[in-house]
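Single-structure report; data block below.
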Amino acid sequence: ERTLVPNLGGAVYQLRWSPDARSILVAGYDRKGREGLYLVDVQTGGAVPIVQGSVHNPVWFPDGKSIAYRLTKNPGGQLLLVRNLETGQEKEIYRVSLPTGLAISPDGSYLAFEEHGTEGTSWKVIPTEGGRPRELCRTQGARGGMTWTADSRQLLFVSGGELASVSVEGGEPRKLGLGMKGLREIQ
């Protein structure tokens, strides 16, 4: 048994294991109080800064070579970004106002996100290479993240206390008859 203690100075949150299980993406603060996203080596605990700033919902691409995340820009709202970890190249995919959650499809082709507004929650997808987002469906009172089916054809989320799905082509969400009351987030 061993304990992994990243060499960061403050709180860490939103831990995400890499697909090869050799490292963990961690949002948090370094010893100088700078907020950012760090890549922590599982063997050594060494942390390498990836992005400085207020980063949320980091997710790995299935190949482990790239990540997607939200970055808060003031003014300007939130940016959805994709970063190649090998080259350091970063690409803005979309600028959003009130998003929460991100999920990359298992085939790596789509980034799903939710946007909240006065007319409910809009569940959207955008190609990971960039382009225009497309609304899959809109629900009332649904929050709690999302995940994809293994074939990348359905997006799963919690709506009205039940697990629901919607096709990547869009349409009406389908309740799956599985109660999810009290569940804060699915991934």
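Per this note's numbering, numbering of the sequence shown is gapless, rising by one per residue and ending at 195.
C-beta: ideal position from N, C-alpha, C; glycine also.
Here's the rule I'm using: 16 or more other beta-carbon atoms within 10 Å means buried, otherwise exposed. How should residue i be labelled?
i, result
"serine 117", "exposed"
"valine 166", "buried"
"glutamate 180", "exposed"
"glutamine 162", "buried"
"proline 27", "exposed"
"tyrosine 102", "buried"
Can you tell me the Cα-Cα spacing of residue i and residue j, whole angstroms?
i, j, result
"phenylalanine 69", "histidine 124", "24 Å"
"glycine 61", "aspartate 71", "25 Å"
"serine 113", "threonine 155", "8 Å"
"glycine 178", "cysteine 145", "6 Å"
"glutamine 97", "leucine 89", "10 Å"
"alanine 19", "leucine 186", "35 Å"
Based on the DSSP secondary-structure assignment, which residues constitute the bridge partners of residue i?
i, result
"lysine 183", "Ala172"
"glutamine 86", "Thr80, Val104"
"glutamine 60", "Gly44"
"proline 135", "Tyr118"
"serine 256", "The question about residue 256 has no answer here: the residues shown for the chain are numbered 9 through 195."
Is it true that the CB of residue j sits closer than 8 Å to the CB of residue i?
i, j, result
"tyrosine 46", "histidine 64", "no"
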